[in-house]
Every structure is written in C-alpha cells, then in structure tokens.
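Below is one structure, written out as structure tokens, with a few remarks after it.
Residue numbers (this note's numbering): 699 to 1012.
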C-alpha cells in the first residue's frame, strides 16, 4: 500500500464528530452506558447458555454464538471510539486500522450468515417439531456455526487486502470513528470503481441472499402458525420467532442502507450514524429482544441467582 508521502507515516486520524465537540462529549457518556449494558447482557446470555442445562438446545447454542459475536464487534470498535471522543489524540495506527477493518468486516459477515441459520432453526422447530432434534442435531449446529465464521472471515481477508492495498497518496484523515471499507475507499487516490463493484457483489451475497432465505423461512413459519387452532399456541410461536425477525429487520436494514448504494449517494454524517447504530445499538438490542419475554431465559436466570445465594449462605 502506498502510504503517506512522509516516511514517518504513523497511521490514520479518525475524525469522528470532531467538528461537533459538544456532540462527542454527549456521545461519550451515551456510548459508554450502552457498551456496558451490551457487555452485561451478551455476557449473561453466554454464561446462562453454558451453565444452565435447560438452555442446552440448538436455539441457545446459536444465540450464545450471536452474543459472543456481538461482544467482539462492540469491543473491536467502541473502546477506540471512546478514547478518540475523550482525548485530543484521534489517531489509530496503520496496524490497528487493518485489524479493526478485518475484525469488524468479518464479524458482520458472520452475523449475516448466523441470522439465516437461526431462521432455519426456527423453521424446523415450528414446521417440523416432531423431527426437530433429529434434523437440527449437535453436529449440524456445530457445522453451521463453523461455516458462518469461516465464510465471514474468509470474505474479510479478501476485502481487507483489496482495500488496504489501494494507494493513498498522503491521505490519512478518515472521516469516521472507525475503519471500514466504504470510508477507506474514499481515501484512495485512484479509480475505485472495481472495488466498489466487487463490494456491491459481496454485499448482495451477504445481505440479500441471507435476508431472502430468512423471509422464505418466515413465510413457511407464518403459514404453519396460522394453522394452529390454539390461540395460545399461535401467540407462543409468533412470540418466539417475532424476536428473531425484529433483530433481522434492524440489522439487515441498517447494513443494506449503507452497503447497497454508492458511497457518494449519502452524507458522511448519515453513514456515521448508521454505523454507530449497527455496531453499538444492535448488539444491545439482541439480548433485550431475545430475553425480555423469554420465560426459559428468565427461569435460567432465577435458578442461577438462587444457586449463587445458596452457595453464599452455605
């Protein structure tokens, strides 16, 4: 990669919202609170899914992977953002930018595939309940999760290499709060139309294809649920699947609005707001949406709390 003309090139400057210092001060407190709650919520789901035998099922295996992925995604971007918002030094090293780009891009791809896997899990649970444990067996669950991680990070290797080998000609000011592909393409001092076309094709594969599979799955689920005679049964089925669908709409909606259009078609402030949403708000909403009305998770939490109290009293 052709770095800055100065041989002492030390990295990139993440501008963030530096033109609005008061906004950065307010965002620092908000982001810190959301990040703390996100770590707490996703960490709790991972612990409960591991410790409570009642949650040793495919659904919670996938959910714990989603929580782990969300925890990694926020940790990849938020600490650097908080440091930049709070201090005057807004630089990130070249290696740090590459690592951030690689990890964030890989985790985003993993979540796209994982959400479609979870939709398939719900489809089998609702449409073929008697064969659920036979179809979605532990080996298949592990294979699907491994495929999600390999696919996401396999793509990230290619995208990171293509993006970070573009010549910069001295440009090192990133008009964002973390390193990601669209904004890094804007720094290049060469024609990036091939990169943009390739990014669009990959985005279709990771966004449109999984979303289409999810919608097909939920079409079958809706048809099956409507056949249930019991109103309580319909409500339970819709409640279980509705939480997943809400996560899907929020996650895919934000990413599609950013990646499936030319970088020049929206303002950078809008881009930053969208990126802030899917890297910070979505990971917080996942544990809330999945657990807020989930009796199994609430029961597991109560059992673990009683266990801790019994150990202390004993």
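C-beta: ideal position from N, C-alpha, C; glycine also.
Every value quoted in this text rests on a predicted model; they were computed, and no experiment measured them.
- prompt: Whose C-beta lies closer than 7 angstroms to the C-beta of residue 818 among residues of the same chain, with five residues either side of it excluded?
  reply: Locating residue 818 in the chain shown gives position 120, counting from the first residue. Only 915 meet the Cβ criterion.
- prompt: Relative to the alpha-carbon of residue 791, which residue among 872, 867 and 859 has its alpha-carbon at the smallest distance?
  reply: Here residue 791 refers to the residue found at position 93 of the chain shown. Of the residues 872, 867 and 859, the one whose Cα lies closest to the Cα of residue 791 is 872.
message: Suppose contacts are defined by Cβ-Cβ distances below 7 angstroms. Is residue 947 in contact with residue 821 by that definition?
response: As a first step, residue 947 must be located in the chain shown, where it is residue number 249. As a first step, residue 821 must be located in the chain shown, where it is residue number 123. Contact: no.
- request: Check residue 834 in the structure and name its three-state DSSP category.
  value: In the chain shown, counting from the first residue as 1, residue 834 sits at position 136. In the structure shown, residue 834 sits in coil (DSSP, three-state: anything other than H, G, I, E or B).
task: Kindly list the residues whose CB is nearer than 8 angstroms to the CB of residue 699, restricted to its own chain and excluding five residues on each side of it in sequence; keep chain order.
output: Along the chain shown, read from residue 1 onward, the residue named residue 699 stands at position 1. Legend: pLDDT at residue 699 = 44, less than 50; position of this residue unreliable, value from coordinates given subsequently. The residues are 862, 863, 864, 865 and 866.
task: Name the two residues that bound the continuous beta strand (DSSP E) containing residue 712.
output: In the chain shown, counting from the first residue as 1, residue 712 sits at position 14. It spans 710-712 - the beta strand (DSSP E) in which residue 712 sits, taken as one unbroken run.
- prompt: Which residues does DSSP pair with residue 872 in a beta bridge?
  reply: Locating residue 872 in the chain shown gives position 174, where the first residue counts as 1. In DSSP, residue 872 forms a bridge with 712.
task: Report the option in 828, 839 and 711 whose CA atom is closest to the CA atom of residue 758.
output: If you number the chain shown from 1, residue 758 lands on position 60. When each option's Cα is compared against that of residue 758, the closest is 839.
Whether residue 799 touches residue 737 by CB criterion (7 angstroms): Numbered from 1 along the chain shown, position 101 holds the residue referred to as residue 799. Numbered from 1 along the chain shown, position 39 holds the residue referred to as residue 737. With contacts defined as CB atoms closer than 7 angstroms, residue 799 and residue 737 fail to qualify as a contacting pair.
query: According to DSSP, is residue 790 helix, strand or coil?
result: In the chain shown, counting from the first residue as 1, residue 790 sits at position 92. If DSSP states are grouped into helix, strand and coil, residue 790 belongs with the strands.
- request: Please determine, among 752, 730, 953 and 1010, the residue with the shortest C-alpha to C-alpha distance to residue 908.
  value: Position 210 of the chain shown, counted from the start, is the residue given in the question as residue 908. The residue with the shortest Cα to Cα distance from residue 908 is 953.
- request: Express the C-alpha separation of residue 808 and residue 851 in angstroms, rounding to a whole number.
  value: As a first step, residue 851 must be located in the chain shown, where it is residue number 153. As a first step, residue 808 must be located in the chain shown, where it is residue number 110. When only Cα atoms are considered, residue 851 and residue 808 end up about 7 angstroms apart.
message: Since residue 998 and residue 761 should fall inside the 8 angstroms C-beta cutoff, what is the C-beta to C-beta distance between them, to a whole number of angstroms?
response: Indexing the chain shown from 1 puts residue 998 at position 300. Indexing the chain shown from 1 puts residue 761 at position 63. Rounded, the Cβ-Cβ distance is 12 angstroms, inconsistent with contact.
- request: Would you give the residue range spanned by the alpha helix (DSSP H) that residue 887 belongs to?
  value: Against the chain shown, residue 887 aligns to sequence position 189. That residue, residue 887, is in no alpha helix (DSSP H); it is neither H nor E in DSSP.
field: Coarse secondary structure for residue 718, derived from DSSP in three states
entry: Translated into positions along the chain shown, residue 718 becomes position 20. Three-state DSSP puts residue 718 in coil, outside helix and strand.
message: By the three-class DSSP mapping on this structure, what secondary structure does residue 865 have?
response: The residue you call residue 865 lines up with position 167 of the chain shown. It is coil, neither helix nor strand.
task: Quick one: using the 10 Å Cβ neighbour count with 16 as the cut-off for buried, is residue 816 buried or exposed?
output: Taking the first residue of the chain shown as 1, we reach residue 816 at position 118. By the neighbour-count definition (other C-beta atoms within 10 Å, threshold 16), residue 816 is a buried residue.
query: Excluding the five sequence neighbours on either side, which residues of its own chain have a C-beta within less than 7 angstroms of the C-beta of residue 756, listed in chain order?
result: Numbered from its first residue, the chain shown carries residue 756 at position 58. Excluding residues up to 5 positions away in sequence, 819, 834 and 839 lie with their Cβ nearer than 7 angstroms to the Cβ of residue 756 in the same chain.
message: Here's the rule I'm using: 16 or more other beta-carbon atoms within 10 Å means buried, otherwise exposed. How should residue 782 be labelled?
response: Against the chain shown, residue 782 aligns to sequence position 84. It is buried - the Cβ of residue 782 has at least 16 other Cβ atoms within 10 Å.
field: Close-in-space but distant-in-sequence residues of the same chain around residue 703 (CB under 7 angstroms, 5 per side omitted)
entry: The residue you call residue 703 lines up with position 5 of the chain shown. Here the model assigns residue 703 a pLDDT of 43, short of 50, so the residue's position is not dependable, and the following value carries that caveat. If the five residues before and after residue 703 are omitted, its C-beta is found closer than 7 angstroms to the C-beta atoms of 868, all from its own chain and listed in chain order.
query: Roughly how many angstroms separate the alpha carbons of residue 705 and residue 870, rounded to a whole number?
result: Position 7 of the chain shown, counted from the start, is the residue given in the question as residue 705. Position 172 of the chain shown, counted from the start, is the residue given in the question as residue 870. Its pLDDT being 37, under 50, residue 705 is placed unreliably in this model, and the value from its coordinates should be taken loosely. About 13 angstroms.
- prompt: Grouping DSSP H, G and I as helix and E and B as strand, with all else coil, what is residue 828?
  reply: On the chain shown, position 130 is the one that residue 828 refers to. It is helical.
query: Between which two residues does the alpha helix (DSSP H) carrying residue 918 extend?
result: Locating residue 918 in the chain shown gives position 220, where the first residue counts as 1. From DSSP, the alpha helix (DSSP H) with residue 918 extends over 907-924.
- prompt: Whose C-beta lies closer than 8 angstroms to the C-beta of residue 744 among residues of the same chain, with five residues either side of it excluded?
  reply: One-based indexing of the chain shown puts residue 744 at position 46. Here the set comprises 762, 765, 766 and 769.
message: Let's test the definition: count the other Cβ atoms within 10 Å of the Cβ of residue 673 and tell me whether it reaches 16, buried, or not, exposed.
response: Shown here, the chain extends from 699 to 1012; a query on residue 673 therefore has no answer.
task: Reducing DSSP to helix, strand and coil, say where residue 877 ends up.
output: The residue you call residue 877 lines up with position 179 of the chain shown. Note: residue 877 maps to coil in three-state DSSP.
message: Under DSSP, the alpha helix (DSSP H) around residue 763 begins and ends at which residues?
response: Translated into positions along the chain shown, residue 763 becomes position 65. Counting along the chain, the alpha helix (DSSP H) containing residue 763 begins and ends at 756-784.
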